[in-house]
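2 protein chains.
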Amino acid sequence: MSAISERRERERAHRHQLIITAARELAETEGWEAVTTRRLAERVEYSQPVLYSHFNGKEAIVSAVALDGFSELAAHLRRARHAAPEPGPALRAVCRAYLEFATERPALYQAMFILPTDLKFASEETPPPLRTAFGEFVSCFRPDNKRRELFAEVVWSALHGMAVLSESGRIPPDGQEERLDFLITQIAGTH
Amino acid sequence: MSAISERRERERAHRHQLIITAARELAETEGWEAVTTRRLAERVEYSQPVLYSHFNGKEAIVSAVALDGFSELAAHLRRARHAAPEPGPALRAVCRAYLEFATERPALYQAMFILPTDLKFASEETPPPLRTAFGEFVSCFRPDNKRRELFAEVVWSALHGMAVLSESGRIPPDGQEERLDFLITQIAGTH
DNA sequence: CAGGATGTCTAGCGTTGCTAGAATGCCGTC
DNA sequence: GACGGCATTCTAGCAACGCTAGACATCCTG
Numbered sequence: 005m006s007a008i009s010e011r012r013e014r015e016r017a018h019r020h021q022l023i024i025t026a027a028r029e030l031a032e033t034e035g036w037e038a039v040t041t042r043r044l045a046e047r048v049e050y051s052q053p054v055l056y057s058h059f060n061g062k063e064a065i066v067s068a069v070a071l072d073g074f075s076e077l078a079a080h081l082r083r084a085r086h087a088a089p090e091p092g093p094a095l096r097a098v099c100r101a102y103l104e105f106a107t108e109r110p111a112l113y114q115a116m117f118i119l120p121t122d123l124k125f126a127s128e129e130t131p132p133p134l135r136t137a138f139g140e141f142v143s144c145f146r147p148d149n150k151r152r153e154l155f156a157e158v159v160w161s162a163l164h165g166m167a168v169l170s171e172s173g174r175i176p177p178d179g180q181e182e183r184l185d186f187l188i189t190q191i192a193g194t195h
Numbered sequence: 005m006s007a008i009s010e011r012r013e014r015e016r017a018h019r020h021q022l023i024i025t026a027a028r029e030l031a032e033t034e035g036w037e038a039v040t041t042r043r044l045a046e047r048v049e050y051s052q053p054v055l056y057s058h059f060n061g062k063e064a065i066v067s068a069v070a071l072d073g074f075s076e077l078a079a080h081l082r083r084a085r086h087a088a089p090e091p092g093p094a095l096r097a098v099c100r101a102y103l104e105f106a107t108e109r110p111a112l113y114q115a116m117f118i119l120p121t122d123l124k125f126a127s128e129e130t131p132p133p134l135r136t137a138f139g140e141f142v143s144c145f146r147p148d149n150k151r152r153e154l155f156a157e158v159v160w161s162a163l164h165g166m167a168v169l170s171e172s173g174r175i176p177p178d179g180q181e182e183r184l185d186f187l188i189t190q191i192a193g194t195h
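Chains as they are written, first to last, in the working numbering: chain A, 5 to 195; chain B, 5 to 195.
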């Protein structure tokens with residue numbers, strides 16, 4: 005009884021992740037509007053209702069993808085920050101990594117920041133990956149800086165704005181590097 | 005023939021605007037997910053297909069609402085800029101007005117910047133209201149500043165990020181004023 | 001007053017997210 | 001080793017969506 009239900013649990017967990025990755029792949033290749041419950045079910049080779057035994061609905065699936073995205077983003081930013089020698093260039097490196105992430109994984113970024121999700125932000129129930137991702141920005145400022153969280157919020161906002169406005173063509177996608185340079189120059193000296 | 009068709013034309017134009025304002029009101033009171041073609045048709049007291057004799061589809065209706073929004077935003081920013089005495093406080097006033105606009109008309113702002121629309125940005129076919137709205141930011145910098153467009157893009161991006169991240173609860177909505185203050189302080193001195 | 005064009009509506013197509021209830025298959029027990 | 005019972009999966013379908021074809025009515029023109 006124990007071993008059997010354990011195996012089932014394992015298979016179930018495996019299928020759970022299968023759904024998430026299938027949704028993500030489908031979104032990355034054809035966009036989120038192509039991610040329907042039917043196509044997703046077909047992709048994982050199960051019928052539609054099994055999706056609902058794993059997730060509360062489509063929004064929960066998007067949320068799961070977004071959560072994975074936050075983990076990757078956090079790792080990506082951390083790598084960039086540790087690769088930079090001093091706290092000064094660290095901010096620039098992290099910002100560049102952020103924009104890189106947004107442009108290279110547009111569908112994932114969309115799930116994280118644009119599509120409606122169940123994720124709770126800026127509260128006690130905020131999932132750890134979200135916290136650590138944000139923490140990477142905070143860590144670019146000196147620990148004795150009492151307003152580092154605030155600074156991080158502004159930097160993050162600016163980057164998000166740049167990412168999303170250039171992605172949608174509202175600002176020319178070319179000038180991204182120059183804009184980043186200006187932003188960093190203005191913020192620098194405050195860490 | 006002339007007078008009659010003129011009257012028809014007038015009625016048609018009136019109904020055209022009626023659809024737009026109905027869509028906007030519905031979105032502002034119940035959110036864009038409640039704006040369906042059926043409910044919209046019921047609201048204007050016509051059947052569904054008349055919507056399609058005025059617009060190419062739902063996206064075109066959203067675009068029309070967004071376009072109106074850009075006109076209002078441009079006027080709102082211009083008012084704020086002219087109310088400020090010097091170019092220094094002008095930037096702050098315009099930024100504050102922008103955030104005000106975003107928080108007070110969330111549905112309208114969503115149509116302008118988040119929902120998919122037909123509007124062309126940063127190109128030759130960009131509608132005038134979009135240009136003038138962006139121009140208000142540019143005008144906050146000195147005419148001899150060769151990078152004023154770039155600066156305006158960064159400021160706009162930062163404001164958009166702040167607006168949308170606080171609206172969705174990704175950053176605490178309270179700190180908005182403080183964040184704005186930090187942003188302006190860093191950008192100031194470059195106009 | 002008839003003819004034709006214009007404009008509007010009824011009805012319906014295909015697809016969406018989601019779910020109830022039938023059917024299937026696997027487990028533990030006698 | 002056959003069987004009852006439970007969990008799981010599927011078939012089928014609902015209501016609502018954006019959108020459209022074709023019938024219907026209405027009004028101007030000759």
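We put the beta carbon where it would ideally sit given N, CA and C, even for glycine.
1) Using the C-alpha atoms, what's the distance from Tyr56/B back to Ala87/A?
2) Using only the alpha-carbon positions, how far apart do Tyr102/B and Ser161/B sit?
3) Once DSSP output is grouped into helix, strand and coil, what is the label at Ser143/B?
4) Quick check on the burial criterion: 16 or more other C-beta atoms within 10 angstroms. Buried or exposed for His18/A?
5) Take Arg43/B and list the residues in its own chain whose beta-carbon comes closer than 7 Å to its own, dropping the five residues that flank it on each side.
6) Check the Cβ-Cβ distances between Glu171/B and every residue of chain A, and say whether any is below 7 Å.
7) Establish whether the CB of Gly92/B and some CB of chain A are separated by less than 7 Å.
8) With burial defined as no fewer than 16 other Cβ atoms inside 10 Å of the residue's Cβ, what is the status of His20/A: buried or exposed?
9) Helix, strand or coil for Lys124/B per DSSP?
10) Roughly how many angstroms separate the alpha carbons of Tyr37/B and Asn149/A, rounded to a whole number?
11) Of all the CB atoms in chain A, is at least one closer than 7 Å to the CB of Ile65/B?
12) Measuring alpha carbon to alpha carbon, tell me which residue in Ala106/A, Thr194/A, Glu76/A and Met116/A is nearest Gln180/A.
13) Applying the 10 Å Cβ sphere with the 16-neighbour rule, what's the burial state of Thr127/B?
14) Pro93/B by DSSP, collapsed to three states: which one?
15) Just to confirm the assignment, what range does the alpha helix (DSSP H) spanning Gly165/A have?
16) How would you list, in chain order, the residues of chain A whose beta-carbon sits under 8 Å from the beta-carbon of Phe155/B?
17) Roughly how many whole angstroms lie between the Cα atoms of Ile65/B and Ile191/A?
18) Quick check on this structure: which residue in Arg83/B, His80/B, Phe117/B and Phe125/B has the alpha carbon closest to the alpha carbon of Pro197/A?
19) Note the first and the last residue of the continuous alpha helix (DSSP H) segment covering Phe59/B.
20) Under a three-way DSSP split, which group does Thr41/B fall into?
21) Does any CB atom of chain B fall closer than 7 Å to the CB of Gln200/A?
22) Hey, how far is the Cα of Cys99/B from the Cα of Pro131/B?
23) What's the call for Met5/A, buried or exposed, on a 16-neighbour Cβ count within 10 Å?
24) Applying the 10 Å Cβ sphere with the 16-neighbour rule, what's the burial state of Pro147/B?
25) Going along chain B, which residues have a C-beta under 7 Å from Glu182/A?
26) Classify Ala88/A as helix, strand or coil using the three-state DSSP reduction.
27) Let me know if Gly165/A comes out buried or exposed under the rule of 16 or more other beta-carbons within 10 Å of its beta-carbon.
28) In or out: Gln52/A buried (at least 16 other Cβ within 10 Å) or exposed?
With the given structure in hand:
1) On the first sequence, position 83 is the one that residue 87/A refers to. On the second sequence, position 52 is the one that residue 56/B refers to. In a straight line, the C-alpha of Ala87/A is about 55 Å away from that of Tyr56/B.
2) Translated into positions along the second sequence, residue 102/B becomes position 98. Translated into positions along the second sequence, residue 161/B becomes position 157. One C-alpha to the other measures close to 11 Å.
3) Taking the second sequence and counting its residues from 1, one reaches residue 143/B at position 139. In the three-state reduction of the DSSP assignment, Ser143/B falls in the coil class.
4) Within the first sequence, numbered from 1, the residue matching residue 18/A stands at position 14. Classification for His18/A: exposed.
5) On the second sequence, residue 43/B is found 39 positions in, with the first residue counted as 1. Taken in chain order, the residues that qualify are Leu30.
6) The residue you call residue 171/B lines up with position 167 of the second sequence. It does not: the Cβ of Glu171/B has no partner Cβ on chain A nearer than 7 Å.
7) Against the second sequence, residue 92/B aligns to sequence position 88. Not flagged as an interface residue toward chain A: Gly92/B, since no C-beta distance is shorter than 7 Å.
8) Counted from its first residue, the first sequence places residue 20/A at position 16. Exposed, because fewer than 16 other Cβ atoms sit within 10 Å of the Cβ of His20/A.
9) Start at 1 with the first residue of the second sequence, and residue 124/B comes out as number 120. In the structure shown, Lys124/B sits in coil (DSSP, three-state: anything other than H, G, I, E or B).
10) Walking along the second sequence from the start, residue 37/B turns up at place 33. Walking along the first sequence from the start, residue 149/A turns up at place 145. Position check: residue 37/B holds Glu in this sequence, whereas Tyr was assumed. Straight-line Cα distance between these residues: approximately 42 Å.
11) The sequence position of residue 65/B within the second sequence is 61, counting from 1. No, Ile65/B lies away from the interface with chain A (no Cβ there is under 7 Å from its Cβ).
12) The residue labelled residue 180/A in the question sits at position 176 within the first sequence. Selected option, being the one with the closest Cα: Ala106/A.
13) Counting from 1 along the second sequence, the entry for residue 127/B is found at position 123. Checking the displayed sequence, the identity of residue 127/B turns out to be Ser instead of Thr. Counting Cβ neighbours within 10 Å, Ser127/B comes out exposed, since fewer than 16 surround it.
14) For the purposes of this step, residue 93/B is identified with residue 89 of the second sequence, where counting begins at 1. Residue state, collapsed to three classes: helix.
15) For this step, residue 165/A is matched to residue 161 along the first sequence. Where Gly165/A is concerned, the enclosing alpha helix (DSSP H) stretches over Arg152 to Glu171.
16) Walking along the second sequence from the start, residue 155/B turns up at place 151. Within 8 Å Cβ-Cβ: Phe186.
17) Within the second sequence, residue 65/B is the residue found at index 61, counting from 1. Within the first sequence, residue 191/A is the residue found at index 187, counting from 1. Each residue's alpha carbon lies about 40 Å from the other.
18) Not covered by the structure: residue 197/A. The range shown for chain A is 5 to 195.
19) Sequence index remark: in the second sequence, residue 59/B carries index 55 (1-based). Careful: Phe59/B lies outside any alpha helix (DSSP H) and carries neither H nor E.
20) Position 37 of the second sequence, counting from 1, holds the residue named residue 41/B. Three-state result, Thr41/B: helix.
21) Nothing about residue 200/A can be read from this structure; chain A reaches only from 5 to 195.
22) For the purposes of this step, residue 99/B is identified with residue 95 of the second sequence, where counting begins at 1. For the purposes of this step, residue 131/B is identified with residue 127 of the second sequence, where counting begins at 1. When rounded, the distance between both Cα atoms is 22 Å.
23) Translated into the one-based positions of the first sequence, residue 5/A becomes position 1. Note that Met5/A has pLDDT 46, beneath the 50 cutoff, so the model's placement of it is unreliable and the number below is only indicative. The residue is exposed, with fewer than 16 neighbouring Cβ atoms inside 10 Å.
24) Walking along the second sequence from the start, residue 147/B turns up at place 143. Label assigned to Pro147/B: exposed.
25) Counted from its first residue, the first sequence places residue 182/A at position 178. The contacting residues are Leu154.
26) The residue given as residue 88/A occupies position 84 in the first sequence. Three-state DSSP puts Ala88/A in coil, outside helix and strand.
27) Position 161 of the first sequence, counting from 1, holds the residue named residue 165/A. Gly165/A comes out buried.
28) Locating residue 52/A in the first sequence gives position 48, where the first residue counts as 1. With fewer than 16 Cβ atoms within 10 Å of its Cβ, Gln52/A is classed as exposed.
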